[in-house]
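Trainee: Positions 1 to 551 (the UniProt record's numbering) are the ones given, in order, by the sequence shown. Here a beta-carbon is modelled for each residue, glycine too, at the ideal position from N, C-alpha and C.
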Amino acid sequence: MNHTPSPHLSEGGKSAGGGLLCSLGLGPDRGIRSPDSLTHTPSPTGGTPSSSPPLLLSPGLGALGLGSLGAMGEGAGADWESREELRLRELEEARARAAQMEKTMRWWSDCTANWREKWSKVRAERNRARDEVRQLRQRLDTLTKELTSVRRERQELASENETLRQQTLRLRGDHAAPPPSATSPSSSPLDRVGEAPPGSPEPEPVRDVDLDRQSGGVNMASSRSSSGLSRQERSRQLWEDMSTAEEDSSKLNALQLRLDESQKVLLKEREDKLALSKSIERLEAELSQWKLKYEELSKSKQEALKQLNLLKEMHQDELGRISEDLEDELGARTSMDKKLAELRAEMERLQVENAAEWGRRERLETEKLALERDNKKLRAQAEDLEEQLAKKRRQAASALDTDLKAIQSELFERNKELADLRHIHAKLKKQFQEKTAELAHANRRVESHEAEVKKLRLRVEELKKELGQAEDELDESHNQTRKLQRSLDEQVEQTENLQVQLEHLQSRLRRQQQSPGLFGKMRSARFSPENPEGPTSDMDEEEEELQLQIP
1 MNHTPSPHLS EGGKSAGGGL LCSLGLGPDR GIRSPDSLTH TPSPTGGTPS SSPPLLLSPG
61 LGALGLGSLG AMGEGAGADW ESREELRLRE LEEARARAAQ MEKTMRWWSD CTANWREKWS
121 KVRAERNRAR DEVRQLRQRL DTLTKELTSV RRERQELASE NETLRQQTLR LRGDHAAPPP
181 SATSPSSSPL DRVGEAPPGS PEPEPVRDVD LDRQSGGVNM ASSRSSSGLS RQERSRQLWE
241 DMSTAEEDSS KLNALQLRLD ESQKVLLKER EDKLALSKSI ERLEAELSQW KLKYEELSKS
301 KQEALKQLNL LKEMHQDELG RISEDLEDEL GARTSMDKKL AELRAEMERL QVENAAEWGR
361 RERLETEKLA LERDNKKLRA QAEDLEEQLA KKRRQAASAL DTDLKAIQSE LFERNKELAD
421 LRHIHAKLKK QFQEKTAELA HANRRVESHE AEVKKLRLRV EELKKELGQA EDELDESHNQ
481 TRKLQRSLDE QVEQTENLQV QLEHLQSRLR RQQQSPGLFG KMRSARFSPE NPEGPTSDMD
541 EEEEELQLQI P
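1) With DSSP as the reference, label Arg130 as helix, strand or coil.
2) Of the choices Ala442, Glu496, Leu297, Glu324, whose alpha-carbon is the least far from that of Leu140?
3) Under the three-state reduction of DSSP, which class applies to Ser515: helix, strand or coil?
4) Rounded to the nearest angstrom, what separates Lys430 and Lys368 at their Cα positions?
5) Using alpha carbons as the reference points, say which of Trp108, Ala442, Glu153 lies closest to Gln289.
6) Alpha carbon to alpha carbon, how far is Val133 from Arg126? Give it in angstroms, no decimals.
7) For Arg414, count neighbouring C-beta atoms within 10 Å of its own C-beta (all shown protein chains included) and say buried if the count is 16 or more, exposed if not.
8) Tell me which residues share the same chain as Arg151 and place their Cβ nearer than 7 Å to its Cβ, disregarding the 5 neighbours each side in the sequence.
9) For the segment 277-284 against the segment 93-113, are there 3 or more C-beta pairs whose distance is under 8 Å?
10) Rounded to the nearest angstrom, what separates Gly199 and Arg234 at their Cα positions?
11) Around the C-beta of Arg344, are 16 or more other C-beta atoms found within 10 angstroms, so that it is buried, or is it exposed?
12) Between the beta-carbon of Lys118 and the beta-carbon of Asp325, is there less than 9 Å?
13) Please determine if the segment 251-267 and the segment 456-472 are in contact, where contact requires at least 3 C-beta pairs separated by less than 8 Å.
14) Rounded to the nearest angstrom, what separates Ser241 and Val265 at their Cα positions?
15) What number of angstroms, rounded off, separates the C-alpha of Leu143 from the C-alpha of Glu156?
16) Within 10 angstroms of its Cβ, does Lys427 collect 16 or more other Cβ (buried), or is it exposed?
17) Measure the alpha-carbon distance for Tyr294 versus Gln499 and round it to whole angstroms.
18) Out of Glu438, Trp108, Glu92, Leu86, which one is the CA nearest neighbour of Lys454?
19) Okay, do the segment 471-484 and the segment 304-317 touch, 3+ Cβ pairs below 8 Å being the bar?
20) Roughly how many angstroms separate the alpha carbons of Ile322 and Thr104, rounded to a whole number?
21) Indicate the three-state DSSP secondary structure (helix, strand or coil) for Pro198 in the structure shown.
22) Suppose contacts are defined by Cβ-Cβ distances below 9 Å. Is Leu136 in contact with Leu484 by that definition?
23) Distance, Cα to Cα, Arg379 vs Lys391?
24) Could you check how far apart the C-beta atoms of Leu488 and Lys301 are, in whole angstroms? I think they sit under 8 Å.
25) For Thr495, count neighbouring Cβ atoms within 10 angstroms of its own Cβ and tell me buried if that reaches 16, exposed if not.
26) State the Cα-Cα distance for the pair Asp110 and Arg116, rounded to the nearest angstrom.
27) Taking 9 Å as the cut-off, decide whether the C-beta atoms of Leu411 and Ala382 are in contact.
28) Out of Gln491, Arg511, Gln513, Ser507, point me to the one whose CA is closest to Ser149's CA.
29) Report the rounded CA-to-CA distance for Ala451 versus Arg363, giving the unit in angstroms.
30) What's the call for Lys291, buried or exposed, on a 16-neighbour Cβ count within 10 Å?
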């Protein structure tokens with residue numbers, strides 16, 4: 001990047017060059033020559049005439065032209081000083097803006113760090129809430145499993161009660177059947193065995209004593225009849241006795257089988273009674289266990305309610321904090337938008353200034369080229385003047401010695417001024433290069449700032465999305481806690497219903513245990529032959545009571 005002179009200097013140089021040409025008496029078409037025209041000028045030693053007449057410079061005209069050139073140099077120096085001051089002022093302003101932009105970017109970095117800390121805290125709290133909700137879900141799963149096990153046990157109890165009820169009904173139906181007719185003397189001990197109390201010891205099996213007695217009686221009768229009867233009568237009597245003995249033996253066998261069956265039934269009833277007593281004890285133990293479990297469930301429910309209240313308070317506090325953070329974020333975002341708008345306007349202004357600087361640079365380069373062309377033309381004119389002076393010196397050495405010295409001194413001063421101008425031009429060029437480098441650095445920083453602003457915008461949008469997701473998750477957790485509360489209420493109602501049913505069963509079992517004698521009397525009254533219609537009505541009443549008590 002080359003540093004070119006200002007347009008005012010080029011305009012001043014052009015005006016100064018034009019004034020010099022006018023003072024020399026040359027027009028713009030005659031004073032400016034091309035390099036080709038310079039080749040046709042005669043050499044000081046050659047005698048061939050030039051294509052154009054030689055230009056003669058009088059002493060008065062030369063002095064006037066050199067004076068105007070000095071005035072032009074002084075005006076250009078003042079212009080350059082004012083331009084230098086303006087450029088320094090603009091450079092200071094650009095540095096101040098760059099410092100301000102650095103401060104704003106530092107503030108933005110601090111803001112992003114604060115937001116990252118806040119969001120890390122929010123994430124930690126959200127993870128903590130998720131862990132608590134997960135623990136509550138696990139506890140709810142355990143409670144639901146326990147409730148399912150309780151329901152299963154309740155169903156088992158209901159099925160066992162149903163089977164017991166059916167067994168009792170079957171036993172009562174068996175005992176309520178009418179007793180067989182007493183066809184033989186062995187039926188009375190069978191009835192006595194059937195009417196024995198349940199707590200009496202087991203009777204011994206009845207042996208075939210009656211059969212032996214009958215066989216002995218038959219033998220005695222046959223011996224008595226054989227003495228008084230004939231042989232045919234004896235054989236007929238013997239045949240009849242044998243037939244009666246066979247009938248008696250078949251009846252005795254049937255009675256023995258019936259007795260065995262009744263003994264088996266009694267043994268089975270005793271076993272059923274023992275099983276019922278064991279099941280009652282087991283039900284009482286299970287009832288105590290259910291009471292303990294119910295107390296544990298009530299305690300766990302109270303703890304869960306306390307934890308739910310604590311969670312609600314914590315969620316409300318978190319929502320309040322999040323709402324405050326959102327309000328702060330909205331305020332910061334509005335201020336951020338304002339600052340972004342200011343930065344955008346400043347960036348646009350810097351871009352406009354940069355474009356203006358680029359246009360100024362192009363103009364300065366064009367002016368520099370024009371000045372270089374003017375310098376070449378001035379050098380050519382100086383060479384022409386030197387040639388003319390040499391010719392004039394040869395023609396009139398004595399008259400032109402003083403003029404030649406003056407012209408040489410003026411040429412020396414002019415060369416010195418040209419050297420000063422070149423030195424100033426080099427300085428300005430160097431300053432222009434430095435300023436363009438600073439401007440490029442500022443442009444790069446502006447671009448980096450724009451990229452950081454874009455990143456910050458994207459980060460703000462991501463934070464908004466994460467905030468929306470966190471709010472959705474909080475809503476889901478609230479819904480889940482409500483569902484858990486409803487399920488807990490339903491489970492408590494179910495446990496209360498179970499407790500009521502268990503209390504009914506316990507009261508029923510206690511009543512049955514408290515009145516065993518009355519139960520035995522009712523049973524004997526039912527099975528007595530005098531009251532054949534009574535057991536069915538009592539059985540119907542008991543069935544209705546059992547159906548009312550056992551769902």
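Mentor: This is what the structure gives:
1) Taking the sequence shown and counting its residues from 1, the one referred to as residue 130 is at position 130. Here Arg130 sits in helix by DSSP.
2) Along the sequence shown, read from residue 1 onward, the residue named residue 140 stands at position 140. Ranking Ala442, Glu496, Leu297, Glu324 by Cα distance to Leu140 puts Leu297 first.
3) Here the question's residue 515 lines up with position 515 in the sequence shown. DSSP places Ser515 in coil when its eight states are reduced to three.
4) Within the sequence shown, residue 430 is the residue found at index 430, counting from 1. Within the sequence shown, residue 368 is the residue found at index 368, counting from 1. In a straight line, the C-alpha of Lys430 is about 14 Å away from that of Lys368.
5) What you label residue 289 is simply residue 289 of the sequence shown in a count that begins at 1. Closest by alpha carbon: Glu153.
6) Numbered from its first residue, the sequence shown carries residue 126 at position 126. Numbered from its first residue, the sequence shown carries residue 133 at position 133. C-alpha separation (whole angstroms): 10 Å.
7) Your numbering for residue 414 matches position 414 in the sequence shown. Buried, because 16 or more other Cβ atoms sit within 10 Å of the Cβ of Arg414.
8) If you number the sequence shown from 1, residue 151 lands on position 151. So no residue of the chain qualifies.
9) no
10) Numbered from its first residue, the sequence shown carries residue 199 at position 199. Numbered from its first residue, the sequence shown carries residue 234 at position 234. Low confidence applies here, because Gly199 scores a pLDDT of 41, under 50, leaving its location unreliable; read the following figure in that light. Answer to the nearest angstrom: the Cα atoms are 53 Å apart.
11) To locate residue 344, count along the sequence shown from 1; it is residue 344. By the 10 Å Cβ count, Arg344 comes out exposed.
12) Numbered from 1 along the sequence shown, position 118 holds the residue referred to as residue 118. Numbered from 1 along the sequence shown, position 325 holds the residue referred to as residue 325. In contact: Lys118 and Asp325 (Cβ atoms closer than 9 Å).
13) no
14) Position 241 of the sequence shown, counted from the first residue, corresponds to residue 241. Position 265 of the sequence shown, counted from the first residue, corresponds to residue 265. According to the sequence displayed, residue 241 carries Asp and not Ser. Cα to Cα, Asp241 sits roughly 35 Å from Val265.
15) By one-based count along the sequence shown, residue 143 stands at place 143. By one-based count along the sequence shown, residue 156 stands at place 156. If I take the Cα positions, the gap works out to 20 Å.
16) Stepping through the sequence shown from its first residue, residue 427 is reached at position 427. The residue is exposed, with fewer than 16 neighbouring Cβ atoms inside 10 Å.
17) In the sequence shown, counting from the first residue as 1, residue 294 sits at position 294. In the sequence shown, counting from the first residue as 1, residue 499 sits at position 499. Answer to the nearest angstrom: the Cα atoms are 8 Å apart.
18) Within the sequence shown, numbered from 1, the residue matching residue 454 stands at position 454. Nearest option by C-alpha distance: Trp108.
19) yes
20) Mapped onto the sequence shown, residue 322 falls at position 322. Mapped onto the sequence shown, residue 104 falls at position 104. Answer to the nearest angstrom: the Cα atoms are 27 Å apart.
21) Here residue 198 refers to the residue found at position 198 when the sequence shown is read from its first residue. Confidence at Pro198 is low in this model, with a pLDDT of 40, below 50, so the placement of that residue should be treated as unreliable; the coordinate-derived value is given next. Looking at Pro198 - three-state DSSP - the assignment turns out to be coil, as it is neither helix nor strand.
22) Counting from one through the sequence shown, the residue named residue 136 turns up at place 136. Counting from one through the sequence shown, the residue named residue 484 turns up at place 484. Yes, the Cβ-Cβ distance between Leu136 and Leu484 is below 9 Å.
23) Taking the sequence shown and counting its residues from 1, one reaches residue 379 at position 379. Taking the sequence shown and counting its residues from 1, one reaches residue 391 at position 391. C-alpha separation (whole angstroms): 18 Å.
24) Counting from one through the sequence shown, the residue named residue 488 turns up at place 488. Counting from one through the sequence shown, the residue named residue 301 turns up at place 301. Going by Cβ atoms, the distance from Leu488 to Lys301 rounds to 6 Å, so yes, they are a contact pair.
25) Reading the sequence shown from its first residue, position 495 is the one you call residue 495. Under this definition Thr495 is a buried residue.
26) Indexing the sequence shown from 1 puts residue 110 at position 110. Indexing the sequence shown from 1 puts residue 116 at position 116. The straight-line gap from Cα to Cα measures roughly 10 Å.
27) The sequence position of residue 411 within the sequence shown is 411, counting from 1. The sequence position of residue 382 within the sequence shown is 382, counting from 1. For Leu411 and Ala382, yes; Cβs fall inside 9 Å.
28) Against the sequence shown, residue 149 aligns to sequence position 149. Among Gln491, Arg511, Gln513, Ser507, the Cα nearest to that of Ser149 belongs to Gln491.
29) For the purposes of this step, residue 451 is identified with residue 451 of the sequence shown, where counting begins at 1. For the purposes of this step, residue 363 is identified with residue 363 of the sequence shown, where counting begins at 1. Whole-angstrom Cα-Cα distance: 33 Å.
30) Here residue 291 is taken as the residue at index 291 of the sequence shown, counted from 1. Exposed, since its Cβ has fewer than 16 Cβ neighbours within 10 Å.
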